[in-house]
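For reference, the structure is listed below as structure tokens.
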Amino acid sequence: MLTGSVVFGDVVQISHVGGDVTVGLDRPPYRVIPVDSAPLSLSVSQARAQPSRLLLARHQVVPFTGRADTLNALAAWISGPEPVAALLVHGAGGQGKTRLAAEVAGRCSRAGWAVWKVSHTPTPMAGPAPLSRMELPGAAVLAIVDYADRWPASALLALLTHLQDLNTRANSQIRVLMLARSAGYWWPALADRADSDLGVDTNQLTLPPLAIDSDDDRTGLFTTAAAHFAAAMNVEDVGWPVPNLTGAGFTQVLAVHMAALATVDATRHRQEPPVRSDAISAYLLRREQTYWRELHTGTEALVQTPPEVMHRAVFTATLTGAQPRSDARQALTQAGFPASAEAADRIIDDHTVCYPPTGMSTVFEPLHPDRLGEDLLALSTPGHSHRGISNLERDWAPAAITGLLTPEGPQPPVWTPAAVTILVETAHRWPHISTSLLYPIIRRNPALAIAAGGTTLTRLAELPDVDQSALEAVEALLPHERHIDFDTAAAAITAVLTTRRLASITVPSARASLQLALGRRLAHAGDHEGALTADRAAVDVYRGLATTDPAAFEPNLARALTSYGNDLWKLGHQQEALAATREACEMHRRMAIANPTGHLPALPASLTNLGAMLSGLGLQREALAATEEAVAIHRELTQADPVTYLPALATSLDNLGVDLARSGEQEAALAAAEEAVEIYRRLAEAHPATHRPDLARSLSNLGMWRSSLGHREEALAATQEAVAMEQDLAIANPAAWLPSLAMSLTNLAADLSDMGRYEQALTVAEDSCATYRRLAAGRPSVYLRELSAALNNLGMTLAQLGRREEALAATEEAVAIRRDLAAANPTAWLPDLTQSLTNLGGDLADLGRYDDALAISAEAARNSRRLADADPTAYLPDLALGMCAYARVRVAAGAELAEALPAIEEAVDIYEELFDQIPEAFSVALVGAYRTWIAVLEGLNRTEEAADIRRQLDEAGEAQE
């Protein structure tokens with residue numbers, strides 16, 4: 006048993022198992038370690054030998070100062086009421102983000118918080134995943150995520166999902182402090198998903214220049230830093246000359262600190278201190294060269310590698326980042342070093358002396374701080390505009406970069422993400438890196454940029470005057486469909502390219518095509534407002550073109566209207582969305598009639614969209630007709646071309662099952678779902694990455710329809726399989742799969758309750774409610790219905806366990822939500838409201854609140870009759886349930902029994918008819934109705950009739966046995 010702690014990894018406990026169990030051990034894509042806020046000591050000799058160490062945040066040589074306004078803002082965020090909140094603090098490299106985070110970490114630690122550092126682990130380690138076990142000394146956690154803009158979106162969302170779950174289970178207040186250089190396209194998309202899908206409060210804070218953020222100015226910062234650097238190097242304070250710090254090169258804290266360090270060190274060596282930012286970087290890099298030379302030529306000769314070779318090794322390590330030794334050897338080979346393993350190991354060992362690794366399993370620690378490492382790459386590479394100041398330019402540098410980014414097999418080198426990322430970041434300050442190396446490399450092999458990941462691609466798109474041909478090369482390799490790790494980058498790249506292309510293209514149809522493509526990318530990235538603007542522009546152009554040449558442009562107009570309708574639906578403009586989608590569907594139908602070969606395949610997809618919207622608006626008959634037509638067309642297309650159209654047929658069948666079930670045709674719904682699952686199983690066996698998510702969704706629906714027909718064991722098996730799949734999917738992509746997982750959990754809780762396993766059902770129902778609360782907080786128009794269903798289910802489970810007050814609270818909340826929804830759209834929401842009212846009447850009666858129970862059960866009965874009169878096929882079972890509940894409440898209250906008798910007699914008649922049709926589904930309900938009938942008759946002193954019915958019921962039970 007683990008108490009007072011949380012484990013990131015796999016702790017598997019299995020007991021009371023009666024069948025096969027599949028256990029998946031998926032390692033989280035990150036590592037969590039406790040933050041040690043104590044500074045790492047540095048001797049005078051170490052500081053003098055390698056002055057750049059004094060700039061590292063872990064040594065805390067310069068006490069934290071200033072940032073009063075930012076610290077106040079962070080304190081307010083930390084003490085806020087939100088249970089889980091994430092804040093992005095972003096600013097240019099060297100602005101002091103890491104030191105700021107260390108200061109906040111220290112303050113939180115002293116206040117009793119658990120403070121964690123979370124690092125992305127892009128390459129899972131082989132073998133069992135190690136555990137990260139973090140202590141929870143109090144009720145609050147601060148998690149610090151550095152380089153957040155370099156994480157894949159899926160990894161960040163997985164982290165937020167796990168921390169949200171920690172809050173739910175341990176009631177710990179969670180704060181996630183993310184640090185990044187930019188808040189470009191990646192952050193709005195991530196924040197949108199964190200807010201809407203996880204319910205995590207998100208915000209961002211731009212780290213301003215220090216003079217704006219506090220009373221300290223650059224001169225004061227310089228003087229303070231110089232004094233502490235001098236003390237660390239045991240240099241007498243002689244009153245340090247302050248250079249002109251007003252230029253753009255000194256807007257970051259690190260740049261001012263570098264100036265102070267260079268001034269102190271140059272004075273110690275009786276040299277003229279550098280004053281320009283580029284000259285300061287060059288000076289500190291020359292001191293690194295001196296450090297290598299002294300280690301090589303000193304009396305102890307601690308390293309055998311000559312300084313020039315060490316320069317190449319440090320250059321290489323700064324590009325690759327920390328790597329296992331075998332990969333470091335390969336990197337040296339590709340960078341142009343001798344191929345001998347013995348020679349490579351000697352260089353690696355000597356590099357380790359110069360730059361000790363921070364991890365036990367890696368070598369090649371890059372040069373830090375990041376800004377200094379980027380300057381090493383830039384100043385070593387010929388082509389910058391600062392010739393003669395650094396003595397660092399080397400003719401081998403371009404070949405080393407190119408060699409490192411030249412794959413020797415089908416896959417890019419393992420260090421590709423690190424190398425491309427640092428080149429992109431370096432290019433933001435040193436343009437020659439992009440023009441002479443980065444762009445040519447990407448044009449030649451755009452797969453290298455893809456391997457660097459979506460966040461780096463987004464930063465690439467943000468480069469000033471980014472090369473269009475390089476972006477176009479990357480664009481060609483981007484996933485065409487949604488991909489959580491590339492959606493944001495695809496939107497950023499497409500936005501840049503679209504702006505440039507529109508500036509030179511005048512042909513209206515070509516401009517509309519660009520807008521439509523942009524709208525699709527923006528929608529995938531979660532920018533629905535931007536997508537709506539782009540798609541509306543495409544619709545307007547195509548509508549005008551279709552007026553004069555319908556044969557040529559109606560297909561484009563129909564496609565644009567489909568996207569436009571989806572945008573409107575996502576933004577809650579449901580009637581406008583339905584109108585646009587109807588128009589698109591009508592166009593597809595006309596074109597399919599005129600040219601089936603060319604246009605029939607587009608019609609069923611349009612019909613599927615239309616059916617989903619109609620169903621969402623409660624227009625069930627129209628929805629069913631649209632979905633049935635989509636299935637019929639897909640069957641025809643599949644017969645001619647199964648490889649292309651079988652997946653679409655399965656999707657249509659799955660949707661058809663939903664519409665049939667909502668229309669009361671449960672057996673037909675089950676048949677459609679079973680066919681869909683059978684198809685998806687075959688597809689998932691051949692292409693699991695593509696079709697396993699579809700199989701999970703279809704299994705969840707199959708479980709519901711089996712349950713509705715009384716096939717409880719089979720329903721539970723299907724739902725459990727769906728939950729297991731969706732749990733894996735939600736870890737990898739929580740934004741996409743948490744809603745589906747929550748729905749399957751709701752279904753699983755109902756299945757467990759049907760089996761009498763109420764304690765297990767309660768745990769699952771509570772998880773489902775917690776997830777839907779988070780989702781509904783971000784997008785109430787989308788998830789309130791599902792939350793009310795989860796609450797309704799929770800209330801029924803609590804009632805079965807005798808926890809009546811809690812049951813009443815859950816059911817009352819469900820009723821409140823559904824009343825609001827039904828007031829806005831009774832066609833869509835009255836059935837759900839009636840179901841909850843029926844439950845609420847029973848809960849009130851259980852607590853002895855009979856007057857309230859009588860009124861609520863009467864309202865539920867009226868609603869049930871109204872629904873059944875409008876659609877007997879769909880709602881006769883609900884009418885029977887409503888009448889039975891109406892009578893049961895009156896028996897409990899001992900009141901209005903005369904009114905109860907016709908109600909229960911009608912319920913018995915309906916249940917008998919339904920039992921004759923589907924015995925498994927209605928046997929329990931029929932027996933319950935008979936017992937309520939007996940109770941009503943006994944309450945009316947009609948004891949002989951009651952006894953006769955009881956005898957018939959007993960005989961029927963004996964016959965079944």
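Numbering of the sequence shown is given in our numbering, commencing with residue 6 and proceeding in unit increments. Where a beta carbon is used, it is the ideal one built from N, C-alpha and C, also for glycine. All of these numbers come straight from a predicted model, not from anything done at the bench.
Proximal residues to aspartate 380 (C-beta, below 7 Å), its chain only, five neighbours per side dropped:
Ser286, Leu290
Answer yes if the stretch 308-316 comes into contact with the stretch 346-358, meaning at least three C-beta pairs across the two stretches below 8 Å, and no otherwise.
yes
Quick one: residues in its chain with C-beta nearer than 8 Å to the C-beta of isoleucine 510, no 5 flanking neighbours on either side, listed in chain order?
Arg516, Leu519
Taking all protein chains shown into account, do 16 or more other C-beta atoms lie within 10 angstroms of the C-beta of glycine 1009, making it buried, or fewer, making it exposed?
In the structure as shown, the chain begins at 6 and stops at 966. Residue 1009 is therefore absent and cannot be evaluated.
In three-state DSSP terms, what is alanine 866?
Alanine 866 falls in the helix class under three-state DSSP.
Inter-stretch contact (C-beta, 8 Å, three-pair minimum) for the stretch 227-243 and the stretch 791-803:
no
Give every residue of the same chain whose Cβ lies closer than 8 Å to the Cβ of serine 331, excluding the five residues on either side of it in the sequence, and list them in chain order.
none
Rounded to the nearest angstrom, what separates arginine 334 and alanine 91 at their Cα positions?
39 Å
Runs of alpha helix (DSSP H) wholly within the stretch 921-957 (minimum 4 residues, chain order):
Within the stretch 921-957, the complete alpha helix (DSSP H) runs of at least 4 residues are 924-944.
At a cut-off of 7 Å, is glutamine 309 close to the ligand MG when judged by its beta-carbon and the heavy atoms of the ligand?
Judged by which ligands are present, the structure shown has none, so any question about the ligand MG falls away.
My assumption, with CB atoms under 8 Å, is that leucine 372 sits in contact with threonine 325. Please give the rounded CB distance.
Actually they do not touch by this definition, with Cβ atoms about 12 Å apart.
Quick one, which of Ala237, Leu162, Glu764, Pro56 has its alpha-carbon nearest aspartate 206's?
Leu162
Should threonine 493 and tryptophan 191 be called a contact, given that it needs their Cβ atoms to be closer than 8 Å?
yes
What's the C-alpha gap between glutamate 1 and leucine 942?
The question about residue 1 has no answer, for the chain in this structure spans 6 to 966.
Uninterrupted alpha helix (DSSP H) stretches inside the stretch 321-381 (no shorter than 4 residues):
330-339, 346-359
What separation, rounded to the nearest whole angstrom, lies between the Cα atoms of threonine 70 and valine 261?
13 Å
Between the Cα of glycine 708 and the Cα atoms of Asn797, Ala722, Thr695, which residue gives the shortest distance?
Closest in C-alpha terms to glycine 708, from the list Asn797, Ala722, Thr695, comes Ala722.
I want to know whether the stretch 697-704 touches the stretch 670-687 - three or more CB-CB distances under 8 Å.
Flag = yes, the stretch 697-704 and the stretch 670-687 touch.
Taking the continuous alpha helix (DSSP H) assigned at threonine 411, which residues delimit it?
First-last for threonine 411: undefined, no H or E at that position.
By the DSSP assignment, the beta strand (DSSP E) with methionine 263 in it spans what residues?
From DSSP, methionine 263 is part of no beta strand (DSSP E) but of the alpha helix (DSSP H) over 258-273.
Per DSSP, histidine 125 is paired with what?
Tyr35
With a threshold of 8 Å, are at least 3 pairs of Cβ atoms found where one atom belongs to the stretch 171-184 and the other to the stretch 472-479?
no
Run the CB neighbour count on glutamine 625, radius 10 Å, all protein chains shown included, and call it buried at 16 or more, exposed below.
buried
Quick check on DSSP: helix, strand or coil for arginine 893?
Three-state DSSP puts arginine 893 in a helix.
What does DSSP give as the partner residues of glutamine 209 in its beta bridges?
Leu93
Distance between beta carbons of alanine 563 and histidine 593, contact taken as under 8 Å
5 Å
Of the listed residues Asp759, Trp710, Pro652, nearest to threonine 695 (C-alpha basis)
Pro652
May I have the straight-line CA-CA distance separating histidine 233 from alanine 496, to the nearest angstrom?
46 Å
In three-state terms, what does DSSP make of alanine 481?
coil
Whose C-alpha, out of Val471, Glu430, Pro343, Trp435, is nearest the C-alpha of arginine 448?
Val471
Does the stretch 38-52 come into contact with the stretch 77-97, if we say contact requires no fewer than three beta-carbon pairs (one atom in each stretch) closer than 8 Å?
no
First through last residue of the beta strand (DSSP E) which encompasses methionine 183
178-185
Would serine 84 be called buried (16 or more neighbouring beta carbons within 10 Å of its own) or exposed?
exposed
Measure how close the beta-carbons of tryptophan 401 and arginine 317 come, nearest whole angstrom, since I'm counting them as under 8 Å.
7 Å
Between leucine 250 and leucine 266, what straight-line distance do the alpha-carbon atoms span, to the nearest angstrom?
14 Å
When we look at the beta-carbon of valine 28 and count the other beta-carbons within 10 Å, is it buried (16 or more) or exposed?
Only weak support is given to the placement of valine 28: the predicted model assigns it a pLDDT of 38, under 50, and the value that follows is read from those uncertain coordinates. Burial check for valine 28: the Cβ neighbour count within 10 Å stays below 16, so the residue is exposed.
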